[in-house]
Amino acid sequence: MAITQTTTSTPQVTLIELTPEELSTRKIGSHNLQAAVEALHRDGIVVLKNAVDVGHLDKLNARMVPEAKDLYARPTTHRNFGDSTGNIQQEPVLEEGFVFEDVLANPWATEVIQCMLGPRPTLRFYSANTAFKATGRQPPHIDINFDFPKVPFGYCVNINLVDTSPENGATEVWLGSHVDTDKNVLDTTVKHKQIRADLLEQRRKISPPAQPSLPKGSLIIRDFRLWHAGMPNKTDDPRIMLVSVQFPHWYRSDLKMKLPSRIQDKVEWGDLQPCVEWMPDGYDYLQGAHDHDFTLQP
């Protein structure tokens, strides 16, 4: 068991290193599970630092970086929070041989998330965003603007395809900001789902934002309610971050992710309940979509 949380003036994200036994059995021991659950309750985020095969990430990166450059050159590609951020929405490769269980149905992530959401969480979303060299940053925000539940109701699983640091745009996170967050934290005078300036300054005095550096192979579990922001990538290399989202089995939604029909019976989902629209061969996944409805239905 290796758990890192350093006490400094800047809050530190909890990093948990899975043991050889945990990796071989695909189960988390009680001490690491407790640490992960405590971090999610307290901070709204935890990192499993060696939960993903780096060979899988290298294969995805080699394919997705050229695709990202193609998308970035298209004037129709959506820019997250405007052109200055260099951040685009990009869909992962939806072909057989590029959908990996430790990326999309990671057993250690699911085990942790079940402790927060209850049994049989539903997997409804799979996408990515890519940061190109830029000077602009995103405002701190949440990705939702509806009257969401006052309990944990969704967890993003983020996986960067490369080592990340402030130099290449590691995500800024505001630890503990998920507690008591609801739609009233949003600034309704602006277009994007950003946090009100007065609340940011209040929160900064209690717990300023962090921008953690993480090794390739890390898996981030983040509460949907946590304040966060994309930061500028100062390097010449695009930085791709995958994201999937798990919801509790009681969550009322018609949202489905798209996956290739060729893998329909080839993924070991474990305790996850996948909500999938199976796509035929030749589907142009790069057309993607930006507007996704995460709303809890009546």
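Quick note: the sequence shown uses the numbering used here, first residue 20, plus one each step. Note that CB positions come from ideal geometry on N, CA and C, so glycine has one too.
- Across the structure, residue 197 and residue 169 are spaced so that their CA atoms are roughly 10 Å apart.
- Contact between residue 261 and residue 118 is ruled out by a C-beta separation of about 11 Å, above the 8 Å threshold.
- Ranked by Cα distance from residue 257, the options 136, 57, 53, 89 are led by 89.
- The stretch 236–246 and the stretch 61–70 touch, with no fewer than 3 CB-CB distances between them shorter than 8 Å.
- With a threshold of 16 other beta carbon atoms within 10 Å, residue 161 meets it and is buried.
- Secondary structure at residue 304: helix, using DSSP grouped into helix, strand and coil.
- Straight through space, the alpha carbons of residue 34 and residue 112 are spaced by roughly 28 Å.
- For residue 279, DSSP records a beta bridge to 298.
- DSSP places residue 164 outside both helix and strand once states are collapsed to three, so it counts as coil.
- In the displayed model, residue 109 falls within a strand according to three-state DSSP.
- Exposure of residue 42 is indicated by the presence of fewer than 16 other C-beta atoms within 10 angstroms of its C-beta.
- Distance from the CA of residue 205 to the CA of residue 212, rounded to the nearest whole angstrom, comes to 6 Å.
- Non-local beta-carbon contacts of residue 289 in its own chain, meaning distances under 7 Å to residues more than five positions away in sequence, involve 124, 126, 129 in chain order.
- In this model, residue 311 and residue 274 are separated by some 8 Å (Cα to Cα).
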